[in-house]
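Reading through the structure tokens given below for one structure.
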Amino acid sequence: AAKAAGRDAYRFFVPDMLASAMQRKQLEDGVRSGLAAADFELFYQPKIRLADGSLCGCEALLRWRHAQWGWVSPVEFIRSAEESGQIVALGRWVLAEAVRQAGAWLASGLDPGTIAINVSAIELRHPAFADHIERHIADARLDPATLQLELTESAVMEDMDKSAGILNRLKGLGLSLAIDDFGTGYSSLSYLADLPIDVLKIDRSFVHGIDHAQPRRQALLHAVIALAGSLRLPTVAEGVETGLEAGFLSLAGCAQGQGFYYGHALSADAFERTFLSQPAQA
Ligand code: C2E
Ligand code: MG
Ligand code: MG
Ligand code: MG
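So the sequence shown is numbered by full-length UniProt numbering: it starts at 421 and just counts up by one.
Pasting the structure below:
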């Protein structure tokens with residue numbers, strides 16, 4: 421039986437391996453030509469103040485418009501771009517595009533609030549990362565406070581001493597730093613005391629269904645918000661999908677929400693029409 425299972429496993433294993441190797445090659449070539457052909461686009465998802473429902477900023481989320489595959493989610497290609505090193509070029513494109521869009525909105529009198537971009541560990545550790553950001557925002561004459569970097573726990577914890585140097589340098593440029601998907605990384609929390617973090621984004625796994633979750637899950641969310649509060653870090657709840665979740669989070673003391681309840685990530689034009697075009701308050 422073991423032998424048969426082994427043979428079966430083998431039979432399925434080989435084509436899968438080939439398929440994924442081919443797919444990886446296709447993804448790699450695709451990212452290269454996608455960058456050349458401008459097939460990438462940033463979509464923007466609103467971040468909302470829970471206290472009054474006002475817009476406080478947005479997260480730029482990368483989208484790839486592929487000729488045959490249609491819209492490809494970053495979940496499909498970021499990993500391969502990291503493995504091939506293309507993430508550095510891709511990340512530079514994301515930074516340039518977010519800065520350009522921020523400048524365009526501000527120039528037309530629209531206030532998008534803080535614009536966050538996602539940065540992967542490999543980008544963060546690239547020796548020229550901070551220099552590149554510094555030069556780029558200076559050339560664009562953008563107020564650095566407009567820009568926020570979202571970093572995962574695993575990205576900042578990889579090499580704490582090195583991280584501290586990099587993050588302090590970035591903070592010194594005037595950007596803000598958020599921990600993305602907080603609570604899903606490894607369990608050491610000591611980095612929160614040592615690194616210059618501004619915001620914790622609570623992963624959506626803590627948020628989903630929280631209004632009718634078991635008391636222990638609700639207690640856990642309260643504890644996360646209290647932990648952040650005692651470090652004077654505001655929290656953003658990710659993956660808010662219902663008004664009841666938003667209400668629960670607001671009562672629990674969470675500062676901001678992001679999720680389908682407020683809006684999906686939208687093209688820059690659609691985001692502008694939906695969230696930035698209200699006439700200014702008199
Ligand atoms: P993330 O930074 O945690 O982004 C949040 C993801 O959750 C986005 O998926 C967003 O569309 C999705 N989301 C937002 N609201 C809800 C909700 O209410 N319910 C549910 N179920 N999902 C929601 P997306 O755009 O597919 O991005 C996936 C991940 O890819 C991001 O997770 C981020 O880690 C990475 N990523 C996206 N853009 C970039 C980028 O420009 N550079 C890098 N390095 N990574 C990126
Ligand atoms: Mg993010
Ligand atoms: Mg996240
Ligand atoms: Mg998440």
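We treat Cβ as the ideally placed atom computed from N, Cα and C, and that holds for glycine.
Because the structure is a prediction, the values reported are computed rather than measured.
- Message: Pop quiz: Ala-598 and Lys-621 are said to be a contact at Cβ under 8 Å. What is the actual Cβ separation, rounded to whole angstroms?
- Response: Within the sequence shown, numbered from 1, the residue matching residue 598 stands at position 178. Within the sequence shown, numbered from 1, the residue matching residue 621 stands at position 201. Confirmed, Cβ separation roughly 5 Å.
- Query: For ligand 3, any of its heavy atoms closer than 7 Å to the Cβ of Asp-618?
  - Reply: Position 198 of the sequence shown, counting from 1, holds the residue named residue 618. Checking the Cβ of Asp-618 against ligand 3 gives no.
- Task: Find the nearest neighbour of Gln-446 within the set Ser-608, Gly-629 and Ala-487, judged by alpha-carbon distance.
- Result: By 1-based counting over the sequence shown, the position of residue 446 is 26. Residue Ala-487 is the option with its Cα nearest to Gln-446.
- Query: If you run the structure through DSSP and keep just helix, strand and coil, what is Phe-626?
  - Reply: On the sequence shown, position 206 is the one that residue 626 refers to. Of the three classes helix, strand and coil, the one that applies to Phe-626 here is helix, per DSSP.
- Task: Check whether the segment 503–514 touches the segment 566–584, counting contact only when three or more Cβ pairs, one atom from each stretch, lie closer than 8 Å.
- Result: Between the segment 503–514 and the segment 566–584 there are fewer than three inter-stretch CB-CB distances shorter than 8 Å, so the stretches are not counted as touching.
- Flag this pair as yes or no: are the beta carbons of Glu-448 and Ser-504 separated by less than 8 Å? Counting from 1 along the sequence shown, the entry for residue 448 is found at position 28. Counting from 1 along the sequence shown, the entry for residue 504 is found at position 84. Their beta carbons are under 8 Å apart, which means Glu-448 touches Ser-504 by this criterion.
- Which term fits Val-627, buried or exposed, when burial requires 16 or more other beta carbons within 10 angstroms of its beta carbon? Residue numbering aside, residue 627 sits at position 207 when the sequence shown is read from its first letter. With 16 or more other CB atoms across the displayed protein chains lying within 10 angstroms of its CB, Val-627 is buried.
- Message: Going by DSSP, what residue range makes up the beta strand (DSSP E) through Tyr-464?
- Response: Residue mapping note: residue 464 aligns to position 44 of the sequence shown, counting from 1. Here the beta strand (DSSP E) through Tyr-464 covers 460–469.
- Query: With DSSP run on the structure shown, which of helix, strand or coil describes Ser-687?
  - Reply: As a position in the sequence shown, residue 687 is number 267, starting the count at 1. Note: Ser-687 maps to strand in three-state DSSP.
- Query: In three-state DSSP terms, what is Gly-450?
  - Reply: As a working mapping, residue 450 is identified with position 30 in the sequence shown. Residue state, collapsed to three classes: helix.
- Message: Rounded to the nearest angstrom, what separates Ala-441 and Leu-481 at their Cα positions?
- Response: For this step, residue 441 is matched to residue 21 along the sequence shown. For this step, residue 481 is matched to residue 61 along the sequence shown. Whole-angstrom Cα-Cα distance: 26 Å.
- If you measure from the CB of residue 384, is any heavy atom of ligand 1 nearer than 7 Å? Residue 384 cannot be examined here, being either before or after the span of the chain that is shown, 421 to 702.
- Query: What separation, rounded to the nearest whole angstrom, lies between the Cα atoms of Ile-586 and Asp-601?
  - Reply: For this step, residue 586 is matched to residue 166 along the sequence shown. For this step, residue 601 is matched to residue 181 along the sequence shown. Taking the straight line from one Cα to the other gives about 20 Å.
- For Arg-427, does the three-state DSSP call read helix, strand or coil? Taking the first residue of the sequence shown as 1, we reach residue 427 at position 7. Any reading at Arg-427 is ruled out, since the residue's pLDDT is 41, under 50, leaving its predicted position unreliable.
- Under 6 Å Cβ to Cβ from Arg-589, same chain only, skipping five residues before and after it: list those, please. Sequence index remark: in the sequence shown, residue 589 carries index 169 (1-based). Contacts found: Ala-550.
- Item | Backbone CA spacing between Leu-593 and Pro-635 [nearest angstrom] | Locating residue 593 in the sequence shown gives position 173, where the first residue counts as 1. Locating residue 635 in the sequence shown gives position 215, where the first residue counts as 1. Straight-line Cα distance between these residues: approximately 42 Å.
- Task: List the DSSP bridge partners of Gln-568.
- Result: Residue 568 sits at position 148 when you count from the first residue of the sequence shown. Its beta-bridge partners are Ala-536 and Ser-596.
- Task: Determine the direct distance from the alpha carbon of Ala-524 to that of His-556, and round the result to whole angstroms.
- Result: For the purposes of this step, residue 556 is identified with residue 136 of the sequence shown, where counting begins at 1. For the purposes of this step, residue 524 is identified with residue 104 of the sequence shown, where counting begins at 1. Approximately 15 Å, taken between the alpha carbons.
- CB of Thr-566 within 8 Å of CB of Ile-537, strictly: Working through the sequence shown from its first residue, we reach residue 566 at position 146. Working through the sequence shown from its first residue, we reach residue 537 at position 117. Ile-537 is positioned such that its CB atom lies no closer than 8 Å to that of Thr-566.
- Message: When you compare the CB positions of Thr-694 and Gly-683, do they come within less than 8 Å of one another, or not?
- Response: In the sequence shown, counting from the first residue as 1, residue 694 sits at position 274. In the sequence shown, counting from the first residue as 1, residue 683 sits at position 263. Yes.
- Query: Closest by CA to Leu-526, which one among Gly-477, Leu-641, Ser-500 and His-632?
  - Reply: What you label residue 526 is simply residue 106 of the sequence shown in a count that begins at 1. Nearest option by C-alpha distance: Gly-477.
- Using a threshold of 8 Å, state whether the C-beta atoms of Ile-645 and Ala-666 are closer than that. Taking the first residue of the sequence shown as 1, we reach residue 645 at position 225. Taking the first residue of the sequence shown as 1, we reach residue 666 at position 246. Not closer than 8 Å, so no.
- Determine the burial state of Ser-608: buried for a count of at least 16 other Cβ atoms within 10 Å of its Cβ, exposed for fewer. Residue numbering aside, residue 608 sits at position 188 when the sequence shown is read from its first letter. Flag for Ser-608 reads exposed.
- Alpha carbon to alpha carbon, what distance is there between Leu-562 and Ala-471? Taking the first residue of the sequence shown as position 1, residue 471 is located at position 51. Taking the first residue of the sequence shown as position 1, residue 562 is located at position 142. Rounded to the nearest angstrom, the two C-alpha atoms are 28 Å apart.
- Residues in its own chain within less than 6 Å of Gln-521 by CB, not counting five upstream and five downstream? For the purposes of this step, residue 521 is taken as the residue at position 101 of the sequence shown. Cβ within range, chain order: Ala-688.
- Query: Going by Cα to Cα distance, which pick from Ala-518, Gly-533, His-552 and Leu-455 is closest to Gln-506?
  - Reply: Here the question's residue 506 lines up with position 86 in the sequence shown. The residue with the shortest Cα to Cα distance from Gln-506 is Leu-455.
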